[in-house]
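Accompanying notes for the structure given below.
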Amino acid sequence: MNETVKPSVLDDEDFHAAAESVLREGETVADLIDRSARAEVEYRREQAEFVARGLAALEEAERTGVWYTTEDVLSMMRAKLDAAKAAQGK
Numbered sequence: 001m002n003e004t005v006k007p008s009v010l011d012d013e014d015f016h017a018a019a020e021s022v023l024r025e026g027e028t029v030a031d032l033i034d035r036s037a038r039a040e041v042e043y044r045r046e047q048a049e050f051v052a053r054g055l056a057a058l059e060e061a062e063r064t065g066v067w068y069t070t071e072d073v074l075s076m077m078r079a080k081l082d083a084a085k086a087a088q089g090k
């Protein structure tokens, strides 16, 4: 896909001025928009993977009948954290 796309936000003079006002040294509005679009794509990909993992976990719990309470999960997380802290202290 070699199509050049001009974001509609560039047609909004107020937004364009606001974008220019927050640019870092040597950065252009196009750089800002490019980086923002790439970050959004990555966020959506990670979000989709997170939802997929959650749905898989739900299916596994329904299949096995093994469910964990909030207290169970927090207790396991605390134990992992305590073990990591103890390992760092050695």
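Mapped onto our numbering, the consecutive letters of the sequence shown carry residue numbers 1 to 90.
Even glycine gets a Cβ: it sits at the ideal position worked out from N, Cα and C.
(request) Kindly indicate which three-state DSSP category R78 falls into: helix, strand or coil? (result) Secondary structure at R78: helix, using DSSP grouped into helix, strand and coil.
(message) By the three-class DSSP mapping on this structure, what secondary structure does K6 have?
(response) K6 falls in the coil class under three-state DSSP.
(request) For W67, collect the residues of the same chain with a Cβ closer than 6 angstroms to its Cβ; drop the 5 residues on either side in sequence, then sort them by chain order. (result) The answer, listed in chain order, is A61.
(message) Going by DSSP, what residue range makes up the alpha helix (DSSP H) through D14?
(response) Taken as a continuous stretch (DSSP letters only), the alpha helix (DSSP H) holding D14 covers E13 to S21.
(message) Rounded to the nearest angstrom, what separates T64 and K80 at their Cα positions?
(response) Each residue's Cα considered, the two are about 24 angstroms apart.
(request) Classify V66 as helix, strand or coil using the three-state DSSP reduction. (result) In the structure shown, V66 adopts coil according to DSSP, grouped into three states.
(request) Could you check which residue in L10, D14, E71 and G89 has the C-alpha nearest to that of D31? (result) Nearest C-alpha to D31: L10.
(request) Output the distance between the C-alpha atoms of R44 and V51, rounded to the nearest integer angstrom. (result) Those two C-alpha atoms are separated by around 10 angstroms.
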